[in-house]
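In what follows, a single structure is set out as structure tokens and then discussed.
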Amino acid sequence: MRSSNPAIKKVRNLNEAVGFGAANPATYGGVGLKVMYYLALTIVSAIVFIALPLGNATTGVLIGMLIVGMICGFLACTSPKATMICGSIYCVAEGAMIGLISALFDALVQGVIIMALLSTVLTLAVIALLYFTGVVRVGSKFRRFIMSALIALVLSQLVFMLLSLFVQSVSTAFYGSFWLQLIITVVFIVIAALSLFTDFDDITMIVENGMDKSCEWMAAYGLVLTLIWLYLEFLKLAVLILGNRD
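Be aware that the sequence shown starts at 1156, since it is given in this note's numbering, and climbs by one per residue.
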């Protein structure tokens, strides 16, 4: 049960601890309800923090939520029990960040939130249709490709960021080039969209192999992680495209 998603990857180590054929097995309906729960937390948090008059405290709140999200996001991957609590806190923190960032971008370029939301929902629907109709099947090679691509993208981003701190020309070329940013964003969107296939496949394996119902939390959390990432990439793409129409 190899997975490119850190939240669901942990499940492969639960086979001996939980075992197949659990007395209270995971179901697709259970996973779906937990996905809606996490998404509801994220959306409500985003709406609340958009409405709050934070003013000059916005930057501090963003940094604080980033730290909370990173800590809880890591802890949520440790076990199904931790996922339920830490995953909830993570979604609240990410929702706050998404809300504040989305409001900022929409103030600069109107329409980016709607464009990002519709793109995310449409992508999810298409990927789900392709997977559950059997058009696309997830194998070990597909999973290795996704994992390799993720590692390569993250490392390349870190290298460029570090170089840009010390070499001005690199910073100008990396952050000042519209086409370079557009290409990088599109690549991230493609990888995020393909990651949805592995998320659906992980959910299928958890349910079909009769894993314990507690694993539903990890399955749901893993899918929501990818959806949040996909939305942020679409938001960036919307800003790039709509912001450069003139």
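Virtual Cβ for every residue (Gly too), placed ideally from N, Cα, C.
{"Asked": "Pair within 8 Å by beta-carbon distance, alanine 1304 and isoleucine 1253", "Found": "no"}
{"Asked": "N-terminal and C-terminal residue of the alpha helix (DSSP H) that valine 1293 is part of", "Found": "Premise fails: valine 1293 is in no alpha helix (DSSP H) and is neither H nor E."}
{"Asked": "Contact check, glycine 1266 vs leucine 1349, beta carbons under 8 Å", "Found": "no"}
{"Asked": "Whole-Å CB distance - leucine 1194 paired with valine 1379, under 8 Å assumed", "Found": "6 Å"}
{"Asked": "6 Å CB neighbourhood of tryptophan 1384 in its chain, flanking five on each side removed", "Found": "Ala1347"}
{"Asked": "Straight-line Cα distance separating isoleucine 1344 from isoleucine 1145", "Found": "This structure cannot speak to residue 1145, because the chain is shown only from 1156 to 1401."}
{"Asked": "Within the stretch 1177-1255, ranges of the alpha helix (DSSP H) (whole runs, at least 4 residues)", "Found": "1183-1206 and 1213-1230"}
{"Asked": "contact_flag[the stretch 1234-1253, the stretch 1365-1380] where n(CB pairs < 8 Å) is 3 or more", "Found": "yes"}
{"Asked": "Beta-carbon proximity of leucine 1390 to alanine 1271, cut-off 8 Å", "Found": "yes"}
{"Asked": "Own chain, CB closer than 6 Å to tyrosine 1286, minus 5 neighbours either side, in chain order", "Found": "Phe1352 and Phe1355"}
{"Asked": "Euclidean distance between Cα positions of arginine 1299 and arginine 1292", "Found": "14 Å"}
{"Asked": "Under 8 Å between C-beta atoms of alanine 1374 and valine 1186", "Found": "yes"}
{"Asked": "beta-carbon methionine 1302 near the ligand PLP non-hydrogen atom, thresh 7 Å", "Found": "The ligand content of the structure shown is nil, which means the ligand PLP is not present either."}
{"Asked": "Rounded separation between alanine 1181 and leucine 1207 - CA only", "Found": "38 Å"}
{"Asked": "Option in Ile1268, Asp1357, Leu1221 and Phe1333 with minimal Cα separation from glutamate 1249", "Found": "Leu1221"}
{"Asked": "Counterpart residues of aspartate 1367 in DSSP-defined beta bridges", "Found": "Pro1180"}
{"Asked": "As assigned by DSSP and simplified to three states, the class of valine 1322", "Found": "coil"}
{"Asked": "Proximity to phenylalanine 1297 [Cα-Cα], best of Gly1210, Asp1357 and Leu1279", "Found": "Asp1357"}
{"Asked": "Backbone secondary structure at threonine 1359 - three-state DSSP", "Found": "helix"}
{"Asked": "The alpha helix (DSSP H) enclosing threonine 1275, as first and last residue numbers", "Found": "1267-1287"}
{"Asked": "Pairwise C-alpha distance: valine 1247 and serine 1234", "Found": "19 Å"}
{"Asked": "Neighbourhood of glycine 1174 by C-beta, 7 Å cutoff - its chain only, sequence neighbours within 5 removed", "Found": "Note that glycine 1174 scores a pLDDT of 47, beneath 50, so its modelled location is shaky and nothing firm can be said."}
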